[in-house]
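Numbers 7 to 399, taken from my numbering, label the letters of the sequence shown in order.
Positions of the beta carbon are idealized from the N, C-alpha and C atoms, including for glycine.
See structure below.
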Amino acid sequence: MNIFAPFTSADERARLSDPLSPREIRTRRLVGGVWALIWSFPVLSLADDVVRAAETPWLAVLLFVCYLALYLWVIMRGFGSRLPFPPLRDQVALWIFAVLGVALALFYTGVAGGGALILMLYVAVAGVALYPPRIALVWIAGSALALGGLGLAAGDDLGQITSIVLNALLAAAMVLVIRNMIKLIRELDRTRTELARSAVEQERLRFARDLHDLLGHTLSLIVVKAEVVRRVAERDPAAAAREAAEIEEIGRTALAEVRDAVSGYRDLALADELHRARGALIDAGVETTLLLKTPAGDLPPAVDQAFAWVVREAATNVIKHSGARTCRIVLDGDATLWTLTVRDDGGGRVGDADGNGLRGLRERLAAVGGGLVTEGPGFTLRASVPREREEPA
7 MNIFAPFTSA DERARLSDPL SPREIRTRRL VGGVWALIWS FPVLSLADDV VRAAETPWLA
67 VLLFVCYLAL YLWVIMRGFG SRLPFPPLRD QVALWIFAVL GVALALFYTG VAGGGALILM
127 LYVAVAGVAL YPPRIALVWI AGSALALGGL GLAAGDDLGQ ITSIVLNALL AAAMVLVIRN
187 MIKLIRELDR TRTELARSAV EQERLRFARD LHDLLGHTLS LIVVKAEVVR RVAERDPAAA
247 AREAAEIEEI GRTALAEVRD AVSGYRDLAL ADELHRARGA LIDAGVETTL LLKTPAGDLP
307 PAVDQAFAWV VREAATNVIK HSGARTCRIV LDGDATLWTL TVRDDGGGRV GDADGNGLRG
367 LRERLAAVGG GLVTEGPGFT LRASVPRERE EPA
């Protein structure tokens, strides 16, 4: 629900609807919380003066605690949201905060003088933090008019009122600048990601062309020689054998060329491999449990691909060699480490860990700063990568 929806353009709604990752939301709310705490000190000073002079200090303390709590809530929610308009509960919190600010400014003007009008400055800032830019401008104008009206109603000096209004406008402008900076940084990051994807797609197209050029001549040559073998097989077996040997050699050469060509292009996704592995294990009669304590999409690309190879190799080993009845796959992550564990109850031995497949996994994990551990009973394979390697230099 948004009472200002008519002021929000379709393009702006589409842009603001772009979802944030949990990490981005936490970072933005932290920025908003730090901002709110830093600028809450003038309110604390005003509250101290009011409480000392108020006839009912406990009521003043309660009102100011509610005021600051709502201020902190609205700022943090505003900085951590990219919805086209704020959720209803956040809008309600903002309007309660605004009403409380007006009430405090009017009620305690006699105690704190014109200084109580500073409370309206925070109301202006809160609206800018919560609403999209176009709506925020309307909120700023309304806050400035309300602030000026309250000052005149209280009989304050025009110069003092003007000063507070200008400070409110400046503070609101600072919040707008910060929000726009965050938006630009995210858009730059998104553009960089899109450029990287475009580069990958172009490289895949180039590889497809190269593969066509690589195999086109070779396959044509194999077809020609196979026709020769068919024609001369009955009347000249020796010649047919020579041609067949050449076909074999051409095929081996082509296979080696293809392997060399594709060695740098194999790209797996962990989410896809987890889905395939679970299906393959279940089809093989292995009761499979998949536990994602960390969403697969949250991993950095290099770690995601390394873990995808781990899942593929581990599932293959369970199906072909273990004779297991159950298998458990767990993806986890904490502040320091990404971890993928595959455990089965089969007859695999820890000594089996020296095979080519697991050796290749160790090499892939080492490339991203991680490692591989195997242990019994049954067979447990645990891959781990430190989180500090998320963004390699």
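Skipping 5 residues on each side, what residues in its chain have a beta carbon closer than 7 Å to that of residue i?
i, result
"Leu127", "Ile170, Asn173, Ala174 and Ala177"
"Ala99", "Leu76, Trp79 and Val80"
"Val134", "Ala142, Trp145, Ile146, Ala178, Val181 and Leu182"
"Val324", "Leu287, Val292, Ala330, Cys333, Asp350 and Gly352"
"Gly154", "Ile167 and Val171"
"Leu112", "Leu156"
"Ala132", "Tyr77, Val80, Ile81, Leu100 and Phe103"
"Val129", "Phe103, Ala104, Gly107 and Ser149"
"Pro63", "Val57"
"Phe385", "Ser328, Asp350, Gly352 and Gly354"
"Leu110", "Leu69, Tyr73, Ala122 and Leu125"
What residue range is occupied by the uninterrupted alpha helix (DSSP H) comprising residue i?
i, result
"Glu319", "Pro307 to Asn323"
"Leu343", "Taken as a continuous stretch (DSSP letters only), Leu343 belongs to no alpha helix (DSSP H), being part of the beta strand (DSSP E) at Leu343 to Asp350."
"Leu68", "Pro63 to Phe85"
"Arg95", "Leu94 to Phe113"
"Leu127", "Ile124 to Leu136"
"Ser149", "Pro139 to Ala159"
Excluding five sequence neighbours on each side, which residues of the same chain lie with their C-beta closer than 8 Å to the C-beta of residue i?
i, result
"Ala42", "Tyr77, Leu78, Ile81 and Met82"
"Glu207", "none"
"Pro48", "Ile124"
"Trp45", "Tyr128, Val131 and Ala177"
Flag this pair as yes or no: are the beta carbons of residue i and residue j separated by less than 8 Å?
i, j, result
"Pro450", "Thr342", "Coverage of the chain is limited to positions 7 through 399, which leaves residue 450 absent and any answer about it impossible."
"Leu136", "Pro92", "yes"
"Arg290", "Arg318", "The identity of residue 290 in the sequence shown is Ala, whereas the question assumes Arg. Not a contact, by the Cβ cut-off of 8 Å."
"Ala315", "Arg349", "It is Trp, not Ala, that sits at residue 315 in the sequence shown. No, the pair does not count as a contact, with Cβ atoms beyond the cut-off."
"Thr224", "Ile256", "yes"
"Ile124", "Leu69", "no"
"Leu305", "Leu280", "no"
"Ala302", "Leu337", "yes"
"Ile253", "Ala239", "no"
"Leu50", "Tyr73", "no"
"Ala251", "Val235", "no"
"Thr322", "Ser390", "no"
"Ile188", "Arg34", "yes"
Using DSSP bridges, identify the partner residues of residue i.
i, result
"Gly389", "Correcting the residue type first, residue 389 is Ala in the shown sequence and not Gly. For Ala389, which the question treats as bridged, DSSP gives the partners Leu346 and Leu378."
"Ala188", "The amino acid occupying residue 188 in the given sequence is Ile; Ala does not appear at that position. DSSP lists no partner for Ile188."
"Leu298", "Leu337"
For the beta strand (DSSP E) holding residue i, just list the boundary residues, first then last.
i, result
"Val334", "The identity of residue 334 in the sequence shown is Arg, whereas the question assumes Val. Thr332 to Gly339 is the span of the beta strand (DSSP E), which, as asked, contains Arg334."
How about residue i: is its C-beta nearer than 8 Å to some C-beta of chain B?
i, result
"Leu190", "The structure shown has no chain B; it contains just one protein chain."
Could you check whether the Cβ of residue i sits closer than 7 Å to any heavy atom belonging to the ligand NAP?
i, result
"Arg192", "The model on display carries no ligand, and the ligand NAP is accordingly not part of it."
For residue i, which residues from the same chain have a beta carbon less than 6 Å from its beta carbon, with the 5 sequence-adjacent residues on both sides left out?
i, result
"Leu297", "Val336"
"Ala260", "Thr224"
"Gly84", "Ala135 and Leu136"
"Asp242", "none"
"Pro383", "none"
"Val379", "Arg388"
field: Complete runs of the alpha helix (DSSP H) confined to the stretch 235–296 [at least 4 residues]
entry: The qualifying runs are 243–268 and 276–289.
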